[in-house]
Amino acid sequence: MTLTDELLAELGDSGLEQIAGMLGTDTTMARDVVEAVSGVIVGGLARNARHPDGADALRAALDDHVDTDPFTGDVASLTRDGHSILGHVLGGQGTEQAADGLARFTGVDPGLIMRLLPLVAPMIMSLLADRAGSRGMNAGTLADDLDREQAARPDELGELLQGLLDAVFGGGVPAQGGPYESHSPFGTGTGTGAGTGTGTGTGTGTGTSTGIGTGIAGRRGAPDGHEEGDSHEVAPGTSNPDW
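Note that the sequence shown covers residues 1 to 243 in full-length UniProt numbering.
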């Protein structure tokens, strides 16, 4: 079972219905969008993990996501965590590039894709943390597992994701990140690489009024209602306690 399969199972019908309401689609389209969004996130993690420093940093970061349950958290905290993860994995500009590409592929407004990305990112991290812990993965086996995840994508979606990730990563690092030799793309190091001064993307946390006002009610339980709050992005290579 892939991480996307696990994600869809955790969301269940109620979670997909909420996402469909946010996107203004039916649940079939919502499922397709979730598959594509999760594919970009997993692909970004895999690209980072191909570098030894990136794999080590990701494996260490997963320890902070053990026993977390983003499927029952409120949207405000989930979104904050998600923006932090996306900032480390794709970079602010890279996240926007990915959203634009996914919007063209799915026909969903890119602003709504930008709202969904930070909701899905903590879910993927939590599922990956559970998997890594239960299978006793080290950095190397984690990187291999993420590569297998990418290889399991359907052909059409796999080709789309490959093109998007090539555009985002280019020379092999997140769009706003510096060289791996200078600092970790996951923000666990103390260096101050050149990427720390780069500006972030615009308006990813609020946007349209059609959103999920409560947490994603997945199969792990139902959340308390909260309004969506302000969010922030973190450029790759900067230390962040939320990561």
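In this text, a Cβ means the ideal position worked out from N, Cα and C, and glycines have one as well.
Asked                                                                                           : Found
As assigned by DSSP and simplified to three states, the class of L7                             : helix
Proximity below 8 Å, CB of P110 to CB of A121                                                   : no
DSSP state of E181 mapped onto helix, strand, coil                                              : Its pLDDT being 28, under 50, E181 is placed unreliably by the model, and nothing is read from it.
Closest Cα partner of E96 within the set G107, L112, D56                                        : L112
Beta-carbon gap between E149 and V37 smaller than 8 Å                                           : no
Three-way DSSP call (helix, strand, coil) for N48 in this model                                 : helix
Touch test, the stretch 135-142 against the stretch 53-62, Cβ-Cβ under 8 Å, three pairs minimum : yes
Beta-carbon proximity list for L161, same chain, < 8 Å, skipping 5 on both sides                : A36, G39, V40, G43, Q150, R153
Beta-carbon proximity check, A132 vs L62, cutoff 8 Å                                            : yes
F71 in three-state terms, based on DSSP                                                         : coil
D81 - DSSP class collapsed to helix/strand/coil                                                 : helix
Three-way DSSP call (helix, strand, coil) for R131 in this model                                : helix
T106 in three-state terms, based on DSSP                                                        : helix
Length of the line joining the Cα atoms of A103 and A30                                         : 12 Å
Nearest residue (CA-CA) to V33, options L165, L116, N48                                         : L116
Selection from D74, S126, T72, V168 that minimises the alpha carbon distance to L58             : S126
Distance CB(G82)-CB(L23) smaller than 8 Å                                                       : no
CA-to-CA distance, G101 to Q93, given in whole angstroms                                        : 12 Å
For E61, the three-state DSSP class (helix, strand or coil)                                     : Residue 61 is actually Ala in this sequence, not Glu. Helix.
Check whether V89 and A129 have beta carbons under 8 Å apart                                    : no
Status (buried if at least 16 other CB within 10 Å, exposed otherwise) for M1                   : exposed
Reference E10, options A143, P70, A49, closest by Cα                                            : P70
Selection from G15, N48, T4 that minimises the alpha carbon distance to A143                    : N48
Secondary structure of A152, DSSP reduced to three states                                       : coil
Best match in M123, D74, D155, E17 for proximity to T4 [C-alpha to C-alpha]                     : M123
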